[in-house]
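Asker: In terms of the numbering used here, the sequence shown opens at residue 62 and continues consecutively.
Ideal Cβ placement from N, Cα and C applies to all residues, glycine included.
Predicted, not measured: the structure shown is a model, and the values here were computed from it.
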Amino acid sequence: MRVSNAATGQMSSDLFTVVASGCQVGAGSSVVQSYTVAMNQFSALFKRLGATGAKIVSVTPASQETPKSPLAVNSSAPAKKAVTSSAPKNKPNSTVPVNTYKPKAPFLGTVTENYSLLKEGAIGTVQHITFDLSGGEPQLEYVEGQSIGIIPEGEDANGKPHKLRLYSIASTRHGDSYQDSTVSLCVRQLEYKNEAGEQIYGVCSSYLCGIEPGSKVKITGPVGKEMLLPEDEEANIIMLATGTGIAPMRTYIRRMFEPREREANGWTFRGKAWLFMGAPKTANLLYDEDFLHYEKEFPDNFRYTKAISREQQNAKGGRMYIQDRVLEHADEIFALIEDPKTHVYMCGLRGMEPGIDEAMTAAAAAKGMDWSELRPQLKKAHRWHVETY
Ligand SMILES: Cc1cc2nc3c(=O)[nH]c(=O)nc-3n(C[C@H](O)[C@H](O)[C@H](O)COP(=O)(O)OP(=O)(O)OC[C@H]3O[C@@H](n4cnc5c(N)ncnc54)[C@H](O)[C@@H]3O)c2cc1C
62 MRVSNAATGQ
72 MSSDLFTVVA
82 SGCQVGAGSS
92 VVQSYTVAMN
102 QFSALFKRLG
112 ATGAKIVSVT
122 PASQETPKSP
132 LAVNSSAPAK
142 KAVTSSAPKN
152 KPNSTVPVNT
162 YKPKAPFLGT
172 VTENYSLLKE
182 GAIGTVQHIT
192 FDLSGGEPQL
202 EYVEGQSIGI
212 IPEGEDANGK
222 PHKLRLYSIA
232 STRHGDSYQD
242 STVSLCVRQL
252 EYKNEAGEQI
262 YGVCSSYLCG
272 IEPGSKVKIT
282 GPVGKEMLLP
292 EDEEANIIML
302 ATGTGIAPMR
312 TYIRRMFEPR
322 EREANGWTFR
332 GKAWLFMGAP
342 KTANLLYDED
352 FLHYEKEFPD
362 NFRYTKAISR
372 EQQNAKGGRM
382 YIQDRVLEHA
392 DEIFALIEDP
402 KTHVYMCGLR
412 GMEPGIDEAM
422 TAAAAAKGMD
432 WSELRPQLKK
442 AHRWHVETY
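1. For THR366, I'd like the list of residues in its chain whose CB is within less than 6 angstroms of its CB, leaving aside the five on either flank, ordered along the chain.
2. Is LYS279 buried or exposed, if buried means 16 or more other CB atoms sit within 10 Å of its CB?
3. Closest Cβ-Cβ distance between ALA368 and chain B: below 8 angstroms?
4. In this structure, does DSSP put MET430 in helix, strand or coil?
5. My output table needs one value for LEU269: the three-state DSSP class, helix, strand or coil.
6. Assess contact between the region 334 to 349 and the region 434 to 446, defined as three or more Cβ pairs (one per stretch) separated by less than 8 angstroms. Is contact present?
7. Between the beta-carbon of ASN297 and the beta-carbon of LYS224, is there less than 8 angstroms?
8. Could you tell me whether the Cβ atoms of THR173 and ASP193 are closer together than 8 angstroms?
9. What's the call for ASN255, buried or exposed, on a 16-neighbour Cβ count within 10 Å?
10. Whole-angstrom Cβ separation of VAL248 and SER266, contact assumed at under 8 angstroms?
11. Would the region 404 to 412 and the region 305 to 318 be scored as touching if the rule is three or more Cβ pairs under 8 angstroms?
12. Could you check the C-alpha separation between GLN374 and TYR382 for me, to the nearest Å?
13. By alpha-carbon positions, which one of TRP328, LEU290, LYS377 and PRO415 ends up nearest to VAL157?
14. Does the distance from the CB of THR191 to the CB of ARG316 come in under 8 angstroms?
15. Are the beta-carbon atoms belonging to ILE209 and THR312 less than 8 angstroms from one another?
16. Let me know the secondary structure DSSP gives PRO222 once reduced to three states.
17. Roughly how many angstroms separate the alpha carbons of GLU181 and GLY196, rounded to a whole number?
18. Do you know whose CA, among HIS235, TYR176, THR186 and GLU350, lies nearest GLU202's CA?
19. DSSP puts GLN188 in a beta bridge; with which residues?
20. In angstroms with no decimal places, state the Cα-to-Cα distance between GLU214 and LEU269.
21. Is SER177 close to ligand 1? I mean its beta-carbon at under 7 angstroms from any heavy atom of the ligand.
22. Kindly indicate which three-state DSSP category GLY409 falls into: helix, strand or coil?
23. Does the Cβ of THR171 have 16 or more other Cβ atoms within 10 Å, making it buried, or fewer, making it exposed?
24. Below 8 angstroms on the Cβ atoms is my guess for GLN438 versus ILE417; work out the distance and round it to an integer in Å.
25. If you measure from the CB of ARG249, is any heavy atom of ligand 1 nearer than 7 angstroms?
26. Using 7 angstroms as the cut-off, classify the Cβ of GLU259 as near or not near the heavy atoms of ligand 1, replying yes or no.
27. Run through the region 317 to 347 for me and flag every whole beta strand (DSSP E) of 3 or more residues, listed as ranges in chain order.
28. What does a CB cutoff of less than 6 angstroms around LEU169 pick up in its chain, not counting 5 residues either side in sequence?
29. Return yes when the Cβ of ILE299 is within less than 8 angstroms of the Cβ of TRP328, no when it is not.
30. Below 8 angstroms between beta carbons: does that hold for ILE230 and PRO167?
31. Tell me, please, which residues DSSP counts as bridged to ASN362.
32. Check each candidate in TYR348, GLU434, VAL264 and LYS165 and name the one with the smallest Cα separation from ALA218.
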């Protein structure tokens, strides 16, 4: 589990650039990689690099470096743009990029990082995967709330190339390294037992979860305008996420509260943001330290409420799901929804929708409102945003 800069509370001046060489990737090629990390991340990084046979070339304070890709940089890769470049800083929704790369001519991104987001004892596999997008003509740009398509390697059962799968983007438009040249995803490996009792693993999610840094991946998109953030700095943002549905929420929260994002965007969020996150176990919470950190730094603007189904109980003594938390806070949620500046975002597995709907119906009824009438009104006003899969 990697701890992000946000979680450590480090300022950029406390970051270090670690350059390593001799990392064996793909079919034995050797690359030079550089990483920007806080001091307390050294031991995890050195351990990880040691396991790949890499050698540490240098460790320098990041503030002394000219900005360059902090992740896998092939020495022949084109120079990166600084965060202050012409990339979409605060693109209005009407000019959001869509389908820059289509399935017939996808962009070939390079994997720079692939690490687990889970802690010991968690269920399943969930990885944070980053791709280098530099060198594209046109540049693959995106904004918070969009998705990209991934075309897995290989062929389907009919001998045809695999179809693309969509994944919500988990990084802001500036990327995790603030270089405007990467995109990150948060991917859960699909696994289930079929009727014959055999263990089945999803094609694309397994391909992504197991992919090595340095590998080239076919990327399409970006797509989607359903989950875009409002431009109003005083909007209120209620976020309902389960599992990897946290991906778009992470982008919003970074855009709203990460100091380097605020600086780069010139967009200073002043509204109320409230994240409801559902997970089966504490070990399955994704980006938890980051959110706790933002909650500590922005107590008047950010609230973080968790529903951990296998560890917490709802008021009836049953498992605590996200809809139970929604019911618990119904009054405050509806007081916010009555404010026309409030937007609600829901993302995760499709199965979460009926539970949320039920909770909203009960919560609305308690305030003398009819959710079946209110929801279409919110939708029409572009204040109810749902992306479930
Ligand atoms: C807009 C959008 C955003 C998305 N964002 C993300 C994201 O951020 N992170 C993420 O991890 N995923 C995300 N997904 C889901 C992703 O696109 C893939 O669907 C997922 O990774 C599974 O693909 P796969 O190739 O691994 O599975 P496949 O090999 O395609 O297998 C999927 C098929 O397996 C079958 N199946 C699945 N579960 C069961 C079961 N329990 N029992 C029986 N059969 C079953 C179904 O037929 C299903 O169609 C998103 C989807 C959409 C539409």
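Answerer: If we stick to the structure as given:
1. PHE337 and ARG386
2. buried
3. Among the protein chains of the structure shown there is no chain B, as only one such chain exists.
4. coil
5. helix
6. no
7. no
8. yes
9. exposed
10. 6 angstroms
11. yes
12. 9 angstroms
13. LEU290
14. no
15. no
16. strand
17. 38 angstroms
18. HIS235
19. SER177 and VAL248
20. 10 angstroms
21. no
22. strand
23. buried
24. Contact flag wrong, Cβ pair sits at about 17 angstroms.
25. yes
26. no
27. 334 to 340
28. LYS277
29. no
30. no
31. None, per the DSSP bridge assignment.
32. VAL264
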